[in-house]
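This report refers to the structure that appears directly beneath it.
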Amino acid sequence: MKPKNDIDEHLFSNLESFQSIDLEGDWHKVRRRIGFNKKKTMRYFWQTAAAVILILGMGFMIQKLVFPTQQLVAVQAGSQIKEVVLPDGSSVTLNKQAELIYPEKFNRRHRELELTGEAYFEVAHNPDQPFTVNVDQKAFVRVLGTSFNISHNTNDESISVQVVEGKVAFSSIQKGSEQIILVKDEQATLRQGYISKKEAINMNFLSWKTGKLIFDHTSIGEVCQQLQEHYGVEIILDKSVPGELTFTSTLDNQDLDSVLDEISLVLGLKYSYENGKVVFTKSN
Amino acid sequence: LKNRDVHIIKGIRAGRESAFEVLFKDYYRPLSVFALRYMSDLELAKEIVQGFFVHLYENRKSIIITNSLESYLYQSVRNRCLNHIRQKKTQKQHLDQFNLKQETSENLEEKIQATELEHIIFQIIASLPPQCQRIFNLSRVKGLSNSEIAVQLDISKRTVETQISNALKALRNTLGDLPVK
């Protein structure tokens, strides 16, 4: 059966040609001739990739410049007093158990730190870069360059600042709270949201750092108070001890017993340990 | 100009490979078969059509298509074929054979339409199931008899007849819908 006329002949030979054409293969020939080749696509890919990386990089740098991400350093004093030198050259002495968090690199506009516990600061002077200590998320101490001590009494939740040199601004962390300016030899305490300023500075506030206790006609009650803080032991005055006694001495890194011996000898007292507490009584 | 064509032309002007690929895949085969009307063999016809596509892309910015994309493509391929023939003096007999100088635009229109119709037929055949396509090709393209096909494919003669009648039915169904030109 051969149902072919002339038209069929022509049509079907064309069909054969049509079917024999390799559409994909010839398309690739043409696109290669035009230059839609892989290389071009790859070059385009790399150009795009490079542009994307460049933009990301620039964005990252801009972000770095505008909002420097701070790599934080945390220093814990633990059972020993620890000295820390900050990136700006300021030095901080941490009392036992204190913790200081500061950025590895300070922001160009300010120096911000966080403190828990007690520490003594000697701040490198730089009026363009205020130095702010956030104390236990409760108070701010802001300075330009000075030496001062910050202590946090965990018993009554009070925070005290004593200024040795220069000028310090002290405020509660609460917004709109008053700011107290402290100068050399002044001290202020934040207690229950209020700040009270004392002119007469306790000259032994740095004893934890220096190991030195200086008493100059100091009442026996005050002496015991400070020894208590310095040595971390409770000291009780018996009723037999006259309250008007005063003590004058410079104690330089002495152990507790030698201090107690010295006081007893000078003031005519005796002491004993009772349940881990020191009890002074009048010696007869 | 059809919407789709406007879209494709715009894409090609903008240098989009995807648009160019669509155009190529739609027209490359029918244009090649069309070129066969002027050229002696398929390889040459394909070469001319490929050259045309490359030229089209390279000159995409200066090409103006006003009427129909299809007639633009067919006319361009035709011109290329004629140029080719003119350049090949050895093929002078072709020139005479096709009596080119007297080819009128109506004549060309007819050729284009015939090619387009062929294209439709080829598409229908291409859409048939592979076995049906194969049997139809053996019958109509290779000119084998139904019995010869049955032997070659190891199937019954009846199956061959059914498949061919299916193919013809598909052609009739679609071609019957076409407006008479």
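Chains as they are written, first to last, in this note's numbering: chain Y, -1 to 282; chain P, 3 to 183.
Heads up, the beta-carbon is just placed ideally off N, CA and C, and yes, glycines get one too.
Treat the numbers as computed from the prediction; the structure is a model and nothing was measured.
What is the DSSP secondary structure of V264 (chain Y), reduced to helix, strand or coil? On the first sequence, position 266 is the one that residue 264 (chain Y) refers to. Helix.
Under the assumption that F119 (chain Y) contacts V90 (chain Y) (Cβ atoms under 8 Å), give the Cβ distance between them as a whole number of angstroms. Taking the first sequence and counting its residues from 1, one reaches residue 119 (chain Y) at position 121. Taking the first sequence and counting its residues from 1, one reaches residue 90 (chain Y) at position 92. Contact flag correct, Cβ pair sits at about 5 Å.
When you check each C-beta in the segment 17 to 51 of chain P against every C-beta of chain C, which residues fall closer than 7 Å? The displayed structure is made up of protein chains Y and P, and chain C is not among them.
Does the Cβ-Cβ distance between F146 (chain Y) and V159 (chain Y) come in under 8 Å? Against the first sequence, residue 146 (chain Y) aligns to sequence position 148. Against the first sequence, residue 159 (chain Y) aligns to sequence position 161. In this structure, V159 (chain Y) lies closer than 8 Å to F146 (chain Y) by Cβ.
Within 10 angstroms of its Cβ, does Y271 (chain Y) collect 16 or more other Cβ (buried), or is it exposed? Within the first sequence, the letter at position 273 stands for residue 271 (chain Y). With fewer than 16 Cβ atoms within 10 Å of its Cβ, Y271 (chain Y) is classed as exposed.
Specify whether the segment 25 to 40 of chain P and the segment 14 to 27 of chain Y touch according to this definition: at least 3 beta carbon pairs, one from each stretch, less than 8 Å apart. yes
Start and end of the beta strand (DSSP E) containing I178 (chain Y)? Start at 1 with the first residue of the first sequence, and residue 178 (chain Y) comes out as number 180. Where I178 (chain Y) is concerned, the enclosing beta strand (DSSP E) stretches over 177 to 181.
Assumed close pair A152 (chain P), V143 (chain P) - CB separation to whole angstroms, cut-off 8 Å: Here the question's residue 152 (chain P) lines up with position 150 in the second sequence. Here the question's residue 143 (chain P) lines up with position 141 in the second sequence. Rounded, the Cβ-Cβ distance is 17 Å, inconsistent with contact.
Could you tell me the boundaries of the beta strand (DSSP E) in which H86 (chain P) lies? Counting from 1 along the second sequence, the entry for residue 86 (chain P) is found at position 84. First-last for H86 (chain P): 71 to 89, but that is the alpha helix (DSSP H), not the beta strand (DSSP E).
For F245 (chain Y), which residues in the same chain have their Cβ closer than 7 Å to its Cβ, ignoring the five residues on either side in sequence? To locate residue 245 (chain Y), count along the first sequence from 1; it is residue 247. F213, T216, I218, V221, I261, V264, L265.
How many angstroms separate the CA atom of S42 (chain P) from the CA atom of T46 (chain Y)? Sequence index remark: in the second sequence, residue 42 (chain P) carries index 40 (1-based). Sequence index remark: in the first sequence, residue 46 (chain Y) carries index 48 (1-based). The straight-line gap from Cα to Cα measures roughly 47 Å.
Looking at the C-beta of W25 (chain Y), does it have a partner C-beta in chain P at a distance below 8 Å? As a position in the first sequence, residue 25 (chain Y) is number 27, starting the count at 1. So, interface residue.
Rounded to whole angstroms, what's the CA-CA distance from D4 (chain Y) to A116 (chain P)? Just pull it up for me. Here the question's residue 4 (chain Y) lines up with position 6 in the first sequence. Here the question's residue 116 (chain P) lines up with position 114 in the second sequence. Interpretation of D4 (chain Y) is limited by its pLDDT of 49, a score under 50 that renders its predicted location unreliable; no figure is taken from the coordinates.
Under 7 Å from the C-beta of E120 (chain P): neighbouring residues of chain Y: Position 118 of the second sequence, counting from 1, holds the residue named residue 120 (chain P). Here the neighbours are L9, N12.
Using alpha carbons as the reference points, say which of P:E118, P:K159, P:I122, P:E45 lies closest to I137 (chain P). The residue you call residue 137 (chain P) lines up with position 135 of the second sequence. Of the candidates P:E118, P:K159, P:I122, P:E45, P:K159 places its Cα closest to the Cα of I137 (chain P).
Is it the case that the Cβ atoms of I126 (chain P) and C83 (chain P) are separated by a distance below 8 Å? Numbered from 1 along the second sequence, position 124 holds the residue referred to as residue 126 (chain P). Numbered from 1 along the second sequence, position 81 holds the residue referred to as residue 83 (chain P). No, the pair does not count as a contact, with Cβ atoms beyond the cut-off.
Report yes or no: is there a C-beta of chain Y within less than 8 Å of the C-beta of I151 (chain P)? For this step, residue 151 (chain P) is matched to residue 149 along the second sequence. No, no contact with chain Y.
Could you confirm whether any beta carbon from chain P is found closer than 8 Å to the beta carbon of F43 (chain Y)? Counting from one through the first sequence, the residue named residue 43 (chain Y) turns up at place 45. Chain P contact via Cβ: absent.
Return no unless some Cβ of chain Y is closer than 8 Å to the Cβ of R82 (chain P). The count along the second sequence starts at 1 and reaches residue 82 (chain P) at position 80. By this cut-off, R82 (chain P) is not an interface position.
So is P131 (chain P) buried or exposed if we call it buried at 16+ other beta carbons inside 10 Å? The residue labelled residue 131 (chain P) in the question sits at position 129 within the second sequence. It counts as exposed.
Kindly say whether R142 (chain P), judged by its beta-carbon, lies nearer than 8 Å to any beta-carbon of chain Y. The residue labelled residue 142 (chain P) in the question sits at position 140 within the second sequence. Yes, R142 (chain P) lies at the interface with chain Y (some Cβ there is under 8 Å from its Cβ).
Backbone secondary structure at N273 (chain Y) - three-state DSSP: Along the first sequence, one-based indexing puts residue 273 (chain Y) at 275. Three-state result, N273 (chain Y): coil.
Give the straight-line distance between the Cα atoms of D156 (chain P) and R31 (chain P), rounded to the nearest whole angstrom. For the purposes of this step, residue 156 (chain P) is taken as residue 154 along the second sequence, with counting starting at 1. For the purposes of this step, residue 31 (chain P) is taken as residue 29 along the second sequence, with counting starting at 1. When rounded, the distance between both Cα atoms is 32 Å.
Would you say I123 (chain P) reaches chain Y, if we count a Cβ-Cβ gap shorter than 8 Å as a contact? Start at 1 with the first residue of the second sequence, and residue 123 (chain P) comes out as number 121. I123 (chain P) counts as touching chain Y.
Mind checking if I11 (chain P) is an interface residue toward chain Y, Cβ cutoff 8 Å exclusive? By 1-based counting over the second sequence, the position of residue 11 (chain P) is 9. Cβ-Cβ to chain Y under 8 Å: no for I11 (chain P).
Name, please, each residue of chain Y whose Cβ falls closer than 8 Å to the Cβ of Y76 (chain P). To locate residue 76 (chain P), count along the second sequence from 1; it is residue 74. None at all; the shortest Cβ gap to chain Y is about 15 Å.
Would you list, in sequence order, the uninterrupted alpha helix (DSSP H) runs of no fewer than 4 residues that lie entirely inside the segment 189 to 218 of chain Y? 205 to 208
Can you tell me the Cβ-Cβ gap for L92 (chain Y) and A72 (chain Y), rounded? I've got them flagged as a contact below 8 Å. For the purposes of this step, residue 92 (chain Y) is taken as residue 94 along the first sequence, with counting starting at 1. For the purposes of this step, residue 72 (chain Y) is taken as residue 74 along the first sequence, with counting starting at 1. Contact flag wrong, Cβ pair sits at about 11 Å.
Give me, in chain order, the residues of the same chain whose beta-carbon lies closer than 8 Å to that of K12 (chain P); leave out the 5 immediate sequence neighbours on both sides. Taking the first residue of the second sequence as position 1, residue 12 (chain P) is located at position 10. Closer than 8 Å at Cβ, skipping near neighbours: A21.
Please report the straight-line C-alpha distance between S256 (chain Y) and Y269 (chain Y), rounded to a whole angstrom. The residue labelled residue 256 (chain Y) in the question sits at position 258 within the first sequence. The residue labelled residue 269 (chain Y) in the question sits at position 271 within the first sequence. So the alpha carbons of these two residues sit roughly 12 Å apart.
Let me confirm a value: G17 (chain P) is counted as buried when at least 16 other C-beta atoms fall within 10 Å, else exposed. Which label applies? Reading the second sequence from its first residue, position 15 is the one you call residue 17 (chain P). Answer is exposed; the Cβ neighbour count stays below 16.
Kindly say whether L50 (chain Y), judged by its beta-carbon, lies nearer than 8 Å to any beta-carbon of chain P. Position 52 of the first sequence, counting from 1, holds the residue named residue 50 (chain Y). Per the sequence shown, the amino acid found at residue 50 (chain Y) is Val instead of Leu. No, V50 (chain Y) does not count as interfacial toward chain P.
How would you write the range of the beta strand (DSSP E) that F146 (chain Y) sits in, first residue to last? Working through the first sequence from its first residue, we reach residue 146 (chain Y) at position 148. Counting along the chain, the beta strand (DSSP E) containing F146 (chain Y) begins and ends at 145 to 151.
Indicate the three-state DSSP secondary structure (helix, strand or coil) for L155 (chain P) in the structure shown. Within the second sequence, the letter at position 153 stands for residue 155 (chain P). The answer is helix: DSSP assigns L155 (chain P) an H, G or I state.
L188 (chain Y) and S205 (chain Y) closer than 8 Å at C-beta: Residue 188 (chain Y) sits at position 190 when you count from the first residue of the first sequence. Residue 205 (chain Y) sits at position 207 when you count from the first residue of the first sequence. Against a cut-off of 8 Å, the Cβ pair of S205 (chain Y) and L188 (chain Y) comes out as no contact.
Assign L111 (chain Y) to one of three DSSP states: helix, strand, or coil. Position 113 of the first sequence, counting from 1, holds the residue named residue 111 (chain Y). L111 (chain Y) falls in the strand class under three-state DSSP.
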